[in-house]
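Its first residue numbered 0, the sequence shown is counted upward by one per residue in numbering that gives the first Met the number 0. Note that CB positions come from ideal geometry on N, CA and C, so glycine has one too. Because the structure is a prediction, the values reported are computed rather than measured. I have placed the structure first, in the form of structure tokens, so that the comments after it can refer back to it.
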Amino acid sequence: MRLTRAIGPALGASLVLLAAACGDDADTPDTGVDPSGESSSETPSETPDAPPVPPVDFGDEPAVKKSYERSALRATSQHLITMVPSVLPDGWTTIGGGYRPDPQWWRMEFTAPSGDVVLDQLPGTADEALAEQPDLTAVDDVDLSDWGTGAWSAWDHLGATVLAYDLKGSTVVLQGPDLETVRGLAESLLPADDAGEQEG
């Protein structure tokens with residue numbers, strides 16, 4: 000189960016960050032199927048010394064492509080407030096993103112100096128998305144009010160950190176090797192159509 004977000008007329012300008020970071024894939028049809036037959040979630044980490052992070056498994060995730068602008072446009076056009084980073088922390092790399100319309104699921108994958116990080120946006124609430132997941136232990140919420148969101152639910156998952164935030168019919172779930180890394184991504188997130196406005 001993954002999730003996605005919505006679009007407005009200013010989205011072209013709003014996705015300047017996406018186009019700049021990933022290039023334009025407008026000539027490539029977005030079929031939702033990775034032509035290589037492999038998801039980038041199987042791509043080796045660019046940080047070989049980092050221990051692998053066992054992510055929460057929400058099922059058959061959407062194909063993730065390095066050039067993901069088209070997927071982001073689809074997600075926003077289908078009324079998903081698609082969350083993207085406004086700027087990545089130092090040393091981070093975007094692997095890519097992908098979208099599946101039914102059920103909606105927006106996904107982005109990153110590498111950070113400390114390990115791999117995943118953003119999933121799924122329909123429903125954090126409680127619904129994580130209720131059936133094994134090996135989760137609740138920890139203290141993380142307050143990101145200073146970054147415009149508020150309290151994020153937090154869990155430990157076999158030593159990895161999971162943060163989740165409910166957002167108008169969907170939940171954003173971030174996973175990574177430790178709280179500092181995952182919080183760094185959470186602090187940078189904006190809806191895709193606001194991210195372009197921030198770039199001005």
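Residues near residue i in its chain [Cβ-Cβ closer than 6 Å; skip 5 each side]
i: Ser187; result: Pro84, Ser85, Val86
i: Pro88; result: Gly183
i: Asp142; result: Ala150
i: Glu41; result: In this prediction, Glu41 has a pLDDT of 45, which is less than 50 and means its spatial position is unreliable; what the coordinates show is noted afterwards. For Glu41, where only same-chain residues beyond five positions count, there are no Cβ hits under 6 Å.
i: Pro54; result: Val117, Gln174
i: Leu189; result: Ser85
i: Pro122; result: Leu2, Pro102, Gln103, Ser169
i: Leu72; result: none
Close Cβ partners of residue i (< 7 Å) along its chain, the five nearest in sequence each way excluded
i: Thr136; result: Trp154, Asp155
i: Gly90; result: Ala111, Pro112
i: Lys167; result: Ile80
i: Thr148; result: Tyr164
Per DSSP, the bridge partner or partners of residue i
i: Thr204; result: The structure shown has nothing for residue 204, since the chain only spans 0 to 199.
i: Val141; result: Trp151
i: Trp104; result: Arg99
i: Gln174; result: Val117, Val161
i: Lys65; result: According to DSSP, which records beta bridges pairwise, Lys65 is partnered with nothing at all.
i: Val86; result: BP columns for Val86 are empty, so no partner.
i: Leu184; result: None, per the DSSP bridge assignment.
Selected residue, minimal CA-CA separation from residue i, among the options
i: Pro170; options: Ser113, Lys64, Ala185; result: For clarity, residue 170 is Thr in the given sequence; the question names Pro instead. It is Ala185 whose Cα lies nearest to the Cα of Thr170.
i: Asp101; options: Asp145, Gly58, Met82, Glu131; result: Gly58
i: Thr92; options: Lys65, Leu121, Pro133, Pro190; result: Lys65
i: Ala159; options: Leu121, Val138, Ser144; result: Val138
i: Gln132; options: Ala191, Leu157, Ile94, Tyr67; result: Leu157
Sequence-distant residues of its chain with Cβ nearer than 8 Å to residue i (five each side left out)
i: Glu127; result: Thr170
i: Ala125; result: Ser152, Ala163, Tyr164, Asp165, Thr170, Val172
i: Val161; result: Val55, Leu129, Leu135, Ala153, Trp154, Asp155, Val172, Leu173, Gln174, Val181
i: Ala20; result: Unreliable positioning characterises Ala20 in this predicted model, as indicated by a pLDDT of 44, which lies under 50. A coordinate reading is not provided.
Residue-chain proximity (residue i, chain B), Cβ-Cβ < 8 Å
i: Ala125; result: The structure shown has no chain B; it contains just one protein chain.
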